[in-house]
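Q: In my numbering, the protein residues as written are 16 to 530.
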Amino acid sequence: MLGAVPFAVITLLVFEHWSPLARWDQSVADRAASYGVGHEGVVDFWQVVGAVVLPWTSRAVIVIVAAYLWHRRARLLTFWLLTSAVAELVLVQVVEQIFERERPAQMLVETDGFSYVSGHATAAFVMAGALGVVLPSVRGWRRRFRLLVLLPVIGVVWIASGDRIALNVNYVSDVLGGWALGLGILTATSIGFGLRPGLRRRRRRTPSDGDGTAAPPRAAVIVNPIKVGDGVAFRRKVTRALEIRGYDEPLWLETREDDAGNAMAKQAIENESDLVLVAGGDGTVRVVCSALAHTGIPVGVIPAGTGNLLARNLHIPLDLDDALERTLEGRDRRIDLVRVHGDGLDTDHFAVMAGLGLDAAIISDAPPHLKKQIGWTAYLVSAAKNINHPSVRVTLALDDAEPIERRVRTVVVGNVGMLQANIPLLPDARPDDGLLDVVVIAPRRVTQWPIVLWRLMTRTNRTDMYLERFTGRKVEIHAAVDVQRQLDGDPIGPGQFLSCEIEPGALTARVPKRR
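(1) Using the C-alpha atoms, what's the distance from A234 back to T473?
(2) Buried or exposed: which applies to R408, given that a residue is buried once 16 or more other Cβ atoms fall within 10 Å of its Cβ?
(3) Quick check: the Cα distance between T270 and P332, rounded to an integer number of angstroms?
(4) Confirm, please, whether the CB-CB distance from G276 to T299 is below 9 angstroms.
(5) In terms of residues, what are the limits of the beta strand (DSSP E) holding V316?
(6) Going by other Cβ atoms of all chains shown within 10 Å of its Cβ, with 16 needed for buried, is W469 buried or exposed?
(7) Answer with buried or exposed for A399, where buried requires no fewer than 16 other C-beta atoms within 10 angstroms of its C-beta.
(8) Go to A198, then tell me how far its alpha helix (DSSP H) extends in each direction, as first and last residue.
(9) Distance, Cα to Cα, P506 vs P240?
(10) Which value, in whole angstroms, describes the spacing of the CA atoms of L163 and L146?
(11) Going by beta carbon distance, what residues of the same chain come within less than 6 angstroms of A19, once the five residues before and after it are set aside?
(12) Measure the alpha-carbon distance for E518 versus L290 and round it to whole angstroms.
(13) DSSP three-state label for D347, please.
(14) Rounded to whole angstroms, what is the Cα-Cα separation between R488 and A375?
(15) Short check: CB of V467 to CB of D452, under 9 angstroms?
(16) If we ignore side chains and look at the alpha-carbon of each, how far apart do R158 and L165 end up?
(17) Classify F365: buried if its beta carbon has 16 or more other beta carbons within 10 angstroms, exposed otherwise.
(18) Let me know if W173 comes out buried or exposed under the rule of 16 or more other beta-carbons within 10 Å of its beta-carbon.
(19) Measure how close the beta-carbons of G357 and F512 come, nearest whole angstrom, since I'm counting them as under 8 angstroms.
(20) What would DSSP say about T473, mapped onto helix, strand or coil?
(21) Hey, is the stretch 169-185 in contact with the stretch 44-54, meaning 3+ C-beta pairs nearer than 8 angstroms?
(22) Determine the burial state of P110: buried for a count of at least 16 other Cβ atoms within 10 Å of its Cβ, exposed for fewer.
(23) Tell me the DSSP bridge mates of A412?
(24) Does the stretch 243-256 come close enough to the stretch 49-58 that 3 or more CB-CB pairs lie under 8 angstroms?
(25) Is it buried or exposed, G359, if we count other Cβ atoms within 10 angstroms and call 16 or more buried?
(26) Give every residue of the same chain whose Cβ lies closer than 8 angstroms to the Cβ of D497, excluding the five residues on either side of it in the sequence, and list them in chain order.
(27) Which of the three DSSP states, helix, strand or coil, is assigned to A369?
(28) Excluding sequence positions up to five away, which residues of its chain have a Cβ less than 6 angstroms from the Cβ of I455?
(29) Need the endpoints of the beta strand (DSSP E) that I456 sits in, please.
(30) Drop a sphere of 10 angstroms on the beta-carbon of M368, count the other beta-carbons inside from all chains shown, and report buried for 16 or more, exposed for fewer.
(31) For S176, count neighbouring Cβ atoms within 10 angstroms of its own Cβ and tell me buried if that reaches 16, exposed if not.
(32) Let me know the beta strand (DSSP E) ranges lying completely inside the stretch 273-316, each 3 residues or longer, listed in chain order.
(33) Applying the criterion that 16 or more other CB atoms from any shown protein chain within 10 Å of the CB defines a buried residue, is I317 buried or exposed?
(34) Taking only the alpha-carbon atoms, compute the straight-line gap between L522 and A283 and give it to the nearest angstrom.
(35) So who's on the other strand from R500, going by DSSP bridges?
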């Protein structure tokens, strides 16, 4: 096992008193002692450094990163980090007590315990190795930011190890043994949790060792079981479609009532999936796309919900067989996502539309049993119930322009433009244009709704008191009173504020090839 063998070899050489290693240890220790006696300021400096890079400091860093990952719902990596830290703490004590190696005779500072292995070196190595595995799996950490973190962490390993040698409290072999023990700990815990330190968890289209063939790609399939009717048939059909296109056995992940797909998307990232297929409603699709933003992993949408708005706008067929064929044989397209936050709402993303007012009320009031039976036409029933939804005064702020005030029935912010039945709510919206499209709908009376509908269906660009459109990279909406709000067809509860900002090219979507 990687790590166990180097540790065993170094341990054997140390305690069999292999002469080249023993001479090296003694030579370095003598030079460190001789230099330190004549340079008290240098010794004081290394004492301060040693107080900063204590093993408990490295363990604290691991605990902090684990807490962050727990917040991001990366449970697997969280438990792996904590297990590695505990294993390091325990095994260093065990090794020291087993071998009871005395420290160099000419130590420059007073310290207790035994010399083999160096606890400072082991703890620092485990911290650096753990972060090397974790950072590539964290969404939003681009490569340059990973290097900005990893390079100083690697420097800490050298400093923590060099400090022990400079103060003459450890031999060089104690440090080397600590590094090897750290590597062994990371290897053992990684294998136990299905990870590999320093390597990608799955190879991706790289030549395999020896035979020159390519490792097959693997897809993760995230499924909302409520939205997929015959789960067994669905699974068999998707697995077959992937198999005949050269994919390995897919990773199957089902959403839960308390998690619409975030943890499942994290697991797909941790498994280094080559493609993520998501089958569910617009809410499930939104959550998965949000989690996969900036990862570069392609997302293929398999329509299975009521609205399927992202699938419609990306020209993905609603028939399962057609959707699988055209998605799996499609192309990757970078599209925008929209970062959104508001009162009572954590920072989130949407891929389709966010709304405040009447449209959110229609979505909230659509009877679930009708949505299941008749699909999106259930929204027509809800629209009839809410036709007299009261107007509300709002303030709109787009980019750096002066805010404007309107009394509206609804405000919709879109990344794409088409609704069900090919209604062009935002006819100029494109999912990759780096812009938000905003529509303000404000008929004063019920009798004016036909005018609005005519304007929508005919894509009239004329601006008047009934319907206005705007574009920008950021929009903030403040309502005078609490009103219903929605993200991609999911009600998010009433509130008075929404802030939306475009993130250009944040998501890689697998879409049908152009015909």
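Beta carbons: idealized from backbone N, C-alpha and C, even for Gly.
A: In this structure, then:
(1) 41 angstroms
(2) exposed
(3) So the alpha carbons of these two residues sit roughly 23 angstroms apart.
(4) yes
(5) Taken as a continuous stretch (DSSP letters only), the beta strand (DSSP E) holding V316 covers V314 to P318.
(6) exposed
(7) exposed
(8) For clarity, residue 198 is Leu in the given sequence; the question names Ala instead. Where L198 is concerned, the enclosing alpha helix (DSSP H) stretches over V187 to G207.
(9) 20 angstroms
(10) 12 angstroms
(11) G199
(12) 21 angstroms
(13) strand
(14) 22 angstroms
(15) No, the pair does not count as a contact, with Cβ atoms beyond the cut-off.
(16) At R158 the pLDDT is 49, less than 50, meaning the model places this residue with poor confidence; the figure from the coordinates comes in the next sentence. Computed Cα separation, rounded: 10 angstroms.
(17) buried
(18) exposed
(19) 5 angstroms
(20) coil
(21) Enough Cβ pairs lie closer than 8 angstroms, so yes.
(22) Checking the sequence, you will find Val at residue 110 rather than Pro. V110 is buried by the Cβ-count criterion.
(23) In the DSSP secondary-structure assignment, A412 is bridged to E491.
(24) no
(25) Its Cβ having fewer than 16 others within 10 Å, G359 is exposed.
(26) P509, G510 and Q511
(27) Three-state result, A369: strand.
(28) The displayed chain sequence assigns Val, not Ile, to residue 455. Counting only Cβ-Cβ distances below 6 angstroms, and skipping sequence neighbours, we find R421, V423, V426 and E483.
(29) In the DSSP annotation of this structure, the continuous segment of the beta strand (DSSP E) that includes I456 starts and ends at L451 to I456.
(30) Buried, because 16 or more other Cβ atoms sit within 10 Å of the Cβ of M368.
(31) buried
(32) 290-295
(33) buried
(34) So the two alpha carbons sit approximately 15 angstroms from each other.
(35) In the DSSP output, where bridge partners are listed per residue, R500 has L371.
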